[in-house]
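One structure is given below, encoded as structure tokens.
In the working numbering, the protein residues as written are 5 to 461.
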């Protein structure tokens, strides 16, 4: 049985179930349900404030109702709500204690996941296996098996600062070093390893510790006649000659237009046009221009202007050729990247240099290492050898200083960094450590003492 009343029978709700009860100031509806074994009361508010139960128990369950009685009570509440539509104007507020418990559980779960992540990213407490490869002056192996160099010294200083235990393992090539780091054989790689997009697909790199470019090594005692021959057979030389011939033909055509009806040797079609071209070319060299000269006034005006202009053109052309030959004799055939297209070039196989040449569509001869490439350059088998400039400069200065020099210019842009496996736990710590070291006075002094420069290019 259901009854609707406008009063609140508090004796139906024990006080221990309601720490705080707030009732509607305007109106409140009581719903009483008669059950076989008990009598339950439910209040349905429809004013500005509804009942707030601070307990975390369901009011129906807390009164000991059976499942069947629970269904009957809830059905009565639904009917009372339909009779008083205003009671649906505000949602029933959920108990506070379950919400707080849920929030606390979520916070504890987030904290636990963060702790697990931190434990998973912790630096391994074991001896690290660090790969390296001889690349003076960044990694140099001594007869007693010890290692030194810019990269090795930097790594040792970082390891001491971060309390890392490690041992160095030598690899025969940079690709071997990268493969070992990628498959987990090595925990890190320290040498003169260039950061490239292709390599970044399989390994990670720390912040770079040195920026450089590609350098060019050329012979010191280059045969001057070889340089002159290359200058005369270069594209620039043929381009200049072609421009002069085009001007001569243009002037010859104008002479033919003005003289073909007045001067016999310029008359006719192809024969007269050919004669005008020949005369224009002779006039450009200032030899025999008076013979068969134009007879009309317009023709003579054009011829006079061409004689003056050709003197200037020949002078500029001669000066350019002389300057080129002199520079080639003093500096050699190669003094910049564009000169590499007309000479025989060598580079280390499977290196960033060969990748760069491939993008530039420049032909080259591959060598297994720097030593063999410089030896071929010294023997005259190639005309230039290209590699990372600091490595090239060091090798030439120590082993080939009497026969080879490094051109002052450099091109492309490269960065050296420490190699790590993908998602390595060492990377965050090493990134900060590398930045701290390369910005220190110690690193600048080390660069100056080793390379003669206080900063990387």
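Note that beta-carbon positions come from the ideal geometry of N, C-alpha and C, so glycine has one too.
A quick note: this is a predicted structure, and the numbers were derived from the prediction, not measured.
Under the DSSP assignment, residue 392 falls in the beta strand (DSSP E) whose first and last residues are 388–392. Taking the C-beta atoms as reference points, residue 170 is found nearer than 7 Å to residue 134. Nearest neighbour of residue 151 by Cα position, chosen from 166, 162, 172, turns out to be 172.
With respect to the 7 Å criterion, residue 377 and residue 371 are classified as neighbours on the basis of their beta carbons. Secondary structure at residue 318: helix, using DSSP grouped into helix, strand and coil. Using a Cβ distance threshold of 7 Å, residue 374 and residue 348 do not count as a contacting pair. Between the stretch 174–186 and the stretch 434–454 there are fewer than three C-beta pairs closer than 8 Å, too few to call the two in contact. For residue 163, the enclosing alpha helix (DSSP H) begins and ends at 154–166. The stretch 259–311 is shown to contain whole alpha helix (DSSP H) runs of 4 or more residues at 274–288, in chain order. Taking the C-beta atoms as reference points, residue 198 is found nearer than 7 Å to residue 356.
By DSSP's assignment, residue 221 forms a beta bridge with 389, 410. Residue 321 and residue 312 have their alpha carbons spaced roughly 15 Å apart.
Per DSSP, residue 197 is not a residue of any beta strand (DSSP E), being assigned neither H nor E. Under the three-state reduction of DSSP output, residue 370 falls in the strand class.
Our two residues, residue 208 and residue 428, have alpha carbons roughly 8 Å apart in a direct line. Residue state for residue 170 is assigned as strand, using DSSP reduced to three classes. The beta carbon of residue 267 lies closer than 6 Å to those of 299 in the same chain, with the five residues before and after it left out. Taking the C-beta atoms as reference points, residue 178 is found nearer than 7 Å to residue 137.
For residue 182, the enclosing alpha helix (DSSP H) starts and ends at 178–186. A straight-line Cα-Cα distance of about 14 Å links residue 398 and residue 222. The beta carbon of residue 256 sits closer than 6 Å to those of 280, 281, 284, all from its chain and outside the five residues before and after it, given in chain order. In this structure, DSSP gives residue 139 an extended state, which the three-state scheme calls strand. Pairing residue 388 with residue 220 gives a Cβ-Cβ distance under 7 Å.
Take residue 157, set aside five residues on each side of it, and the residues of its chain with a beta-carbon closer than 7 Å to its own are 450, in chain order. Residue 342 and residue 324 have their C-alpha atoms spaced approximately 18 Å apart.
With fewer than 16 other Cβ atoms inside 10 Å of its own Cβ, residue 327 counts as exposed.
Residue 164 counts as exposed, since fewer than 16 other C-beta atoms from the protein chains shown sit within 10 angstroms of its C-beta. In the displayed model, residue 351 falls within a strand according to three-state DSSP. Relative to the Cα of residue 175, the nearest Cα in the group 211, 167, 190, 154 belongs to 190. In the three-state reduction of the DSSP assignment, residue 418 falls in the strand class. The Cβ atoms of residue 442 and residue 213 sit closer than 7 Å to each other. In the structure shown, residue 216 falls within a strand segment according to DSSP collapsed to helix, strand and coil. Assignment of residue 209 by DSSP, reduced to helix, strand and coil, places it in the strand class. Per the coordinates, the alpha-carbon of residue 167 lies some 20 Å from the alpha-carbon of residue 154. At least 7 Å separates the beta-carbon of residue 243 from that of residue 439.
By the C-beta density criterion, residue 315 is exposed, having fewer than 16 other C-beta atoms within 10 angstroms.
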